[in-house]
Amino acid sequence: MPQTQDFKVADLTLAAFGRKEITLAEHEMPGLMSVRAEFAATQPLAGARITGSLHMTVQTAVLIETLVALGARVRWASCNIFSTQDHAAAAIAVGPEGTPENPQGVPVFAWKGETLEEYWWCTERALDWGTEEPNMILDDGGDATLLVHKGAEYERAGAAPDPSTADSEEFQVILELLNRSLKEDTTRFSRIAESVKGVTEETTTGVHRLYEMQREGTLAFPAINVNDSVTKSKFDNKYGCRHSLIDGINRATDVLIGGKTAVVCGYGDVGKGCAESLRGQGARVIVTEVDPICALQAAMDGYQVTTLEDVIATGDIFVTATGCKDVITADQMSRMKHQAIVGNIGHFDNEIDMAGLAARTDVRRENIKPQVDVWEFDGGKKIIILSEGRLLNLGNATGHPSFVMSNSFANQVLAQIELYTKPEQYPIGVYTLPKQLDEKVARLHLDALGVKLTELSKEQASYLGVAIEGPYKPEHYRY
Ligand code: NAI
């Protein structure tokens, strides 16, 4: 790894602890580690300068070190102000061969509890390769991609953005950053947009942004939608959240979930995992949906499906999992029962109207511990809000466990290799990985679970019209 002092983390002395957890995680990430072993000799990412913006956790540390093992140079920031695990960030900054006194790891800019200004500074630093530019982005939620696109847009227009026109506190911070940047360097983000061969995007919300840019004709480089690999969204989003949702609620509140009424807003992949985990604890789970197909699925899975208004006064636990905005309003929070718990597991913090709550004059915030606040209304009624409305499984707990992230991150590495080594096959647009690679990722995880696959005979394969070695399903199959 390159020698560097170029990083900012909370506490380098946590590196040894981080390294021990990285070693444990490697064993639980068989897919990612076997991709590392398969490509180590050929170094397909040699020459790649990857800017990563993804939760700086122990599992992400294994991803970063895999990218490095395949020849890439990497700079990293977290994609959420609360999601960094400081020991993982320290271990990445120090590197396997370094010490806290002599760090030799990867430039990482991430700590738990960043301010919004710090968060965007970190993203900017991860994009700053000095005299060079990044040539790949690995994104989760699309913030690094957004900064490059917005920056290039203002540079093209030759006009500094006016932060006072921003419609949110966060966008104001972005515009202030771009305003400063444009005064210092009028082509900085345009050069990055030009240099980047592609982005691989981790999550539903980031993918949504990419398709929007593709539709509008503003997408500046090709993108692989990693989220919609089956071995990502049908595993990480579902089984990952099934594990980490209740981990977050337990660590934050330690409230007994059994017997409570839990309301899950959204019954997509994330919502399905959340509902199952709450039911597993004995909660009575109620689902809200806008999509009739997902509403029908929830009903057939045995959940009551109704509107949030119907249950606002009776629910004990509310979880948003929609990727939509204003799903729970400030007015609705004011009508919840005493000590109702409110949390979001979707990517951005706009699912719960925290700004609206903060603007009310009849409510005060009291911090209980990091990422747990009680909001007390006039008259004494209190509600408990987790991670200030940011994704609670990473804010209040440690996110998804290694095994499921091994699936997601094996897809990430294969997608990086695809875009970096075969640019001619990916003109500007948004792509998913070929099904063979999706099936490969699944295959890499079977042994660890003792799964024995049945093999098609030649006759069976020809009867089904598939090859013995797959792919087994047509593109339109939905799993
Ligand atoms: P999805 O699109 O499969 O599901 C979202 C569901 O919410 C859809 O069925 C939609 O109809 C429903 N919905 C939209 N607006 C609604 C509203 N106002 N009320 C009720 N239902 C509504 O998306 P997916 O994959 O489940 O992801 C959801 C969010 O979670 C995204 O922001 C995604 O980026 C994020 N995510 C978070 C993870 C975490 O670890 N915290 C992991 C994976 C994804």
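Per our numbering, residue -19 is the first one in the sequence shown, and the count goes up by one each step. Where is the CB? At the ideal position from N, CA and C, for every residue including glycine.
Give the secondary structure of A377 by DSSP, where H, G and I count as helix, E and B as strand, and everything else as coil.
Taken through DSSP and simplified to helix, strand or coil, A377 comes out as coil.
With 16 other CB atoms within 10 Å as the buried threshold, where does Y247 fall?
Burial call: buried.
CB D119 to CB S58, shorter than 8 Å?
No, these two residues do not count as a Cβ contact at 8 Å.
State the beta-bridge partners of Y283 as determined by DSSP.
Its beta-bridge partners do not exist; DSSP assigns none.
How many angstroms separate the CA atom of C304 from the CA atom of G186?
C-alpha separation (whole angstroms): 12 Å.
DSSP state of E346 mapped onto helix, strand, coil
Strand, per DSSP.
Spatial neighbours of K466 in its chain, beta-carbon cut-off 7 Å, leaving aside the 5 residues before and after:
Residue 466 is absent from the structure shown; the chain starts at -19 and stops at 459.
Run of the alpha helix (DSSP H) containing V48, from where it starts to where it stops:
Start and end: V38 to A49.
Alpha-carbon spacing of N324 relative to D296, whole angstroms
Distance between the alpha carbons of N324 and D296: 14 Å.
Pick from A17, E77 and V176: whose alpha carbon is nearest that of G31?
Note that residue 31 is Thr in the sequence shown, not Gly. A check of alpha carbon separations from T31 across A17, E77 and V176 identifies V176 as the nearest.
Evaluate R344 with the Cβ neighbour count: other Cβ atoms within 10 Å of its Cβ, from every protein chain shown; 16 or more gives buried, anything less gives exposed.
Classification for R344: exposed.
For L155, is the classification buried or exposed, using 16 other Cβ atoms within 10 angstroms of its Cβ as the cut-off for buried?
By the neighbour-count rule (16 or more Cβ atoms within 10 Å), L155 is buried.
Name the two residues that bound the continuous alpha helix (DSSP H) containing F62.
F62 -> no alpha helix (DSSP H), and no H or E assigned at all.
In terms of residues, what are the limits of the beta strand (DSSP E) holding N205?
Per DSSP, N205 is one residue of the beta strand (DSSP E) stretching across A203 to N205.
Assigned secondary structure, M(-19) (DSSP; H/G/I helix, E/B strand, else coil)
With a pLDDT of 39 at M(-19), under the threshold of 50, the modelled position of this residue cannot be trusted; read the value that follows with caution. Note: M(-19) maps to coil in three-state DSSP.
Just curious, the beta strand (DSSP E) that L34 is in, first and last residue?
That residue, L34, is in no beta strand (DSSP E); it is neither H nor E in DSSP.
Count the other C-beta atoms from every protein chain shown that fall within 10 angstroms of the C-beta of P(-18), then say buried if there are 16 or more, exposed otherwise.
Reliability fails at P(-18), whose pLDDT of 42 lies under 50, so the model's placement of it is uncertain and no value is given.
Going by beta carbon distance, what residues of the same chain come within less than 6 Å of T(-16), once the five residues before and after it are set aside?
Because the pLDDT at T(-16) is just 48, under 50, the model does not fix this residue reliably, and the value given afterwards should be weighed accordingly. Closer than 6 Å at Cβ, skipping near neighbours: P87.
Would you kindly work out how many angstroms separate the C-alpha atoms of W56 and T198, rounded to a whole number?
Roughly 25 Å between the two C-alpha positions.
Give a single yes or no on whether S257 has its beta carbon closer than 7 Å to a heavy atom of the ligand NAI.
Every heavy atom of the ligand NAI is 7 Å or more from the Cβ of S257, so no.
Going by C-alpha to C-alpha distance, which of S224, L374, H318 and Q261 sits closest to G239?
Nearest of S224, L374, H318 and Q261 to G239, Cα basis: Q261.
Find out if the Cβ-Cβ distance for the pair A69, V(-11) is shorter than 8 Å.
A contact, by the Cβ cut-off of 8 Å.
Where does K362 fall in DSSP's three states?
In the structure shown, K362 sits in a strand (DSSP, three-state: E or B).
Does DSSP classify R160 as helix, strand or coil?
In this structure, R160 counts as helix in the three-state DSSP scheme.
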